[in-house]
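Peer 1: Mind having a look at this structure? Questions to follow.
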Ligand SMILES: [Zn+2]
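Residue numbers (the working numbering): 83 to 256.
Okay, structure coming up:
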C-alpha cells in the first residue's frame, strides 16, 4: 500500500470518505527535526486511516522510523527505533477540544482547509522522541575516560506551536 503520498490533505474530506494513506517521507523533509536528530538520513513509514464515527472525524496513525539521535550521556550518535501510534480528533473549536474522548489528541482544522501531511507526522515524531535519549549500555564511563568534564546540555522543547498550545488548553480543561 505504498502509494505516492499527497503533500497536502483535506483531513475532514478524507474522514468523510474513509480514506487510507500509506507511504514514506524522507526525514530531511522535517525542518523541526533538524536540531533534534544527529542527522536526517532515512525515512518515516506512515499508515493513516481517516474515519468518522458519530460526529467525530478522526485520524488513526502509525509511524515507524529509525532515527539517529545524540546520546545525552556520551554525545555520540545512537540509533533509535521509533514506533508510535496515535489518534487525532479533528476539531474546529476549543469547545470541541474539551469534548474529545480520552486518548485523542486534538488537531485543529477548518472546513475545506488543506494541511501539510508532513506537519502531522512531524508533530507525532517530536512527541515520540525522548527528551534525553541515552544508550542502553553504560556509555558514559567510556566517554569520560580522558575527558573529565562532560557537560550535558539541557534543551527545552519549543512551545510556540499550535499543538503545544492545544495540549495546554486540553490539560487545563480536564
Ligand atoms: Zn551514550
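Ideal Cβ placement from N, Cα and C applies to all residues, glycine included.
Which runs of the beta strand (DSSP E), 3 residues or longer, sit entirely within the segment 163-190?
Peer 2: As far as the segment 163-190 is concerned, its whole beta strand (DSSP E) runs of at least 3 residues are 187-190.
Peer 1: So, at 8 Å on beta carbons, what are the nonlocal neighbours of residue 102 in its own chain, with the 5 sequence-adjacent residues on each side left out?
Peer 2: Answer for residue 102: 83, 129, 130, 131, 132, listed in chain order.
Peer 1: Applying the 10 Å Cβ sphere with the 16-neighbour rule, what's the burial state of residue 218?
Peer 2: So residue 218 ends up on the exposed side.
Peer 1: Restricting to Cα atoms, I'd like to know which of 93, 212, 201, 88 is closest to residue 153.
Peer 2: Answer by Cα proximity: 212.
Peer 1: Looking only at its own chain, which residues have a Cβ that is under 6 Å from the Cβ of residue 86, when we skip the five neighbours before and after it?
Peer 2: Excluding sequence neighbours, residue 86 sits near nothing in its chain.
Peer 1: Give a yes or no on whether 8 Å exceeds the smallest Cβ distance from residue 95 to chain D.
Peer 2: Of the protein chains in this structure there is only one, and it is not chain D.
Peer 1: When the distance is taken between beta carbons, is residue 199 closer than 8 Å to residue 90?
Peer 2: Taking 8 Å as the Cβ cut-off, residue 90 and residue 199 qualify as a contacting pair.
Peer 1: So, under 8 Å CB-CB, residue 171 and residue 140 are touching, yes? Tell me the CB distance rounded to an integer number of Å.
Peer 2: With a Cβ gap of about 5 Å, residue 171 and residue 140 count as contacting.
Peer 1: Using only CA atoms, which one of 117, 223, 137 lies nearest to residue 181?
Peer 2: If we check each option's Cα against that of residue 181, 137 comes out closest.
Peer 1: Could you tell me how far apart the beta carbons of residue 159 and residue 174 are, in whole angstroms, since I believe they sit closer than 8 Å?
Peer 2: With 8 Å as the limit, residue 159 and residue 174 do not qualify as a contact, their Cβ atoms being about 42 Å apart.
Peer 1: Which residue wins for smallest C-alpha separation from residue 207, given the options 110, 161, 115?
Peer 2: Checking every option, the nearest Cα to that of residue 207 belongs to 115.
Peer 1: So for residue 133, helix, strand or coil by DSSP?
Peer 2: Looking at residue 133 - three-state DSSP - the assignment turns out to be strand.
Peer 1: Pick from 157, 202, 178: whose alpha carbon is nearest that of residue 221?
Peer 2: Selected option, being the one with the closest Cα: 157.
Peer 1: Return the residue from the list 164, 88, 177 that minimises the CA-CA distance to residue 124.
Peer 2: Checked all of 164, 88, 177; the closest Cα to residue 124 is 164.
Peer 1: Answer yes or no: the CB of residue 121 versus the heavy atoms of ligand 1, is any distance below 7 Å?
Peer 2: False, no ligand heavy atom lies under 7 Å from that Cβ.
Peer 1: The beta strand (DSSP E) spanning residue 120 covers which residue range?
Peer 2: Unbroken beta strand (DSSP E) run through residue 120: 119-121.
Peer 1: To the nearest angstrom, how far is it from the Cα of residue 195 to the Cα of residue 166?
Peer 2: Each residue's Cα considered, the two are about 26 Å apart.
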